[in-house]
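Chemist: One structure is given below, represented as structure tokens, and several questions about it will come after.
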Amino acid sequence: MSLKYRGFSLPETLIAMAISAVLLLGSARFLPALQWAALRQTRQLSLENELWQRVYTVAKHLQRAGYCRGRCSGQALYIAGGGDCLLVRWDGNSDGIWNSSPSSEADTTGFRLRDGALETLRGAEECSGKGWEKMTNPAAMKVTVFQVTRQNKANFSPELSITLAAHSVADPQIRARAEYSVTGYNL
0 MSLKYRGFSL PETLIAMAIS AVLLLGSARF LPALQWAALR QTRQLSLENE LWQRVYTVAK
60 HLQRAGYCRG RCSGQALYIA GGGDCLLVRW DGNSDGIWNS SPSSEADTTG FRLRDGALET
120 LRGAEECSGK GWEKMTNPAA MKVTVFQVTR QNKANFSPEL SITLAAHSVA DPQIRARAEY
180 SVTGYNL
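At position 94 of the sequence shown (counting the first as 1) the number is 93 in numbering that gives the first Met the number 0, and the numbers step up by one without a gap.
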């Protein structure tokens, strides 16, 4: 009578378990590092997206600066503080004047860098004062650079460049910078 044995022998089973244990320990060390890298990448992308949204908002106001359907008086674009504060005027309701009051209908919008946050105020007349609203979340990111520069070119509309840089509050090594230029056709 012949007997056929099926299955693994004890040494084969022990070797398979040892190899599995080594692989499991290796993956246990690799997985947290992978998760940390994914978290850093997510924070980086979030910071960059936040910066670009703010840059595009400021750029849209700069493109509109100086628009007037009638006869508007005053300065359409005022850049102060070395470029870290600006006041933009444009005739938002096309009534032919730059309205200054009430502030909910004012045609002036201000942007400034203050205490690590980008702030805005509709109806702003100067770069100081109270009532400015934060456009960025100081608990999530600290804005380190906000600068708007104007480059005048003979026989052409001026070019306006916006620079915005920040770092993550949770991980200050995560930094981002956005630079964007628009043409001020109405200036």
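Think of the CB as a built atom: it goes at the ideal place given N, C-alpha and C, for glycine as much as any other residue.
#1: Using 8 Å as the cut-off, can you tell me whether the stretch 130-142 makes contact with the stretch 115-122, which would need three or more C-beta pairs spanning the two stretches below that distance?
#2: Out of S167, L186, A20 and R42, which has the shortest C-alpha to C-alpha gap to L159?
#3: Ignoring anything shorter than 4 residues or poking outside the stretch 125-152, list the alpha helix (DSSP H) runs there in chain order.
#4: Can you tell me the Cα-Cα spacing of Q146 and I18, whole angstroms?
#5: For A105, which residues in the same chain have their Cβ closer than 6 Å to its Cβ, ignoring the five residues on either side in sequence?
#6: Quick one: measure Cβ to Cβ for M140 and V168, integer angstroms, because I've assumed they're closer than 8 Å.
#7: Determine the contact status of A175 and L46, defining contact as a CB-CB distance below 8 Å.
#8: Hey, out of L50, I173 and T148, whose CA is closest to G82's CA?
#9: Using a Cβ distance threshold of 8 Å, determine whether the stretch 23-34 contacts the stretch 53-72, with at least three qualifying pairs required.
#10: Specify the secondary structure class of S19 as computed by DSSP and reduced to three states.
#11: Out of curiosity, what's the CA-to-CA distance linking G128 and G109?
#12: Among all the DSSP beta bridges, which residues are the ones paired with G109?
#13: For E124, which of L23, Q74 and Q43 has the nearest alpha-carbon?
#14: Please go through the same chain and pick out, in chain order, the residues whose beta-carbon is closer than 6 Å to the beta-carbon of Q43, but skip the five residues on each side of it.
#15: Are there 16 or more other CB atoms within 10 angstroms of the CB of I161, so buried, or fewer, so exposed?
#16: Go ahead and label D170 buried or exposed: buried means 16 or more other beta carbons lie within 10 angstroms of its beta carbon, across all protein chains shown.
#17: Going by the CB atoms, is the gap between G95 and R68 shorter than 8 Å?
Modeler: Taking the geometry as given:
#1: yes
#2: For the purposes of this step, residue 159 is taken as residue 160 along the sequence shown, with counting starting at 1. Across the set S167, L186, A20 and R42, the C-alpha of L186 shows the shortest separation from the C-alpha of L159.
#3: none
#4: As a first step, residue 146 must be located in the sequence shown, where it is residue number 147. As a first step, residue 18 must be located in the sequence shown, where it is residue number 19. Spanning the two alpha carbons is a distance of roughly 58 Å.
#5: Numbered from its first residue, the sequence shown carries residue 105 at position 106. Only N98, S99, R121 and G122 meet the Cβ criterion.
#6: Translated into the one-based positions of the sequence shown, residue 140 becomes position 141. Translated into the one-based positions of the sequence shown, residue 168 becomes position 169. Contact flag correct, Cβ pair sits at about 6 Å.
#7: Position 176 of the sequence shown, counted from the start, is the residue given in the question as residue 175. Position 47 of the sequence shown, counted from the start, is the residue given in the question as residue 46. Closer than 8 Å, so yes.
#8: Residue numbering aside, residue 82 sits at position 83 when the sequence shown is read from its first letter. Nearest in C-alpha terms to G82, of all of L50, I173 and T148, is T148.
#9: no
#10: Position 20 of the sequence shown, counted from the first residue, corresponds to residue 19. Looking at S19 - three-state DSSP - the assignment turns out to be helix.
#11: For the purposes of this step, residue 128 is taken as residue 129 along the sequence shown, with counting starting at 1. For the purposes of this step, residue 109 is taken as residue 110 along the sequence shown, with counting starting at 1. Going by the C-alpha atoms only, they are around 11 Å apart.
#12: As a working note, residue 109 is residue 110 in the sequence shown. Its beta-bridge partners are L86 and L120.
#13: Walking along the sequence shown from the start, residue 124 turns up at place 125. Ranked by Cα distance from E124, the first of L23, Q74 and Q43 is Q74.
#14: Taking the sequence shown and counting its residues from 1, one reaches residue 43 at position 44. If we look at Q43 and ignore the five residues flanking it on each side, its Cβ neighbours are I173.
#15: Position 162 of the sequence shown, counted from the first residue, corresponds to residue 161. I161 comes out buried.
#16: For this step, residue 170 is matched to residue 171 along the sequence shown. By the Cβ neighbour-count rule, D170 is exposed, with fewer than 16 other Cβ atoms within 10 Å of its own.
#17: Residue 68 sits at position 69 when you count from the first residue of the sequence shown. Residue 95 sits at position 96 when you count from the first residue of the sequence shown. In this structure, G95 lies closer than 8 Å to R68 by Cβ.
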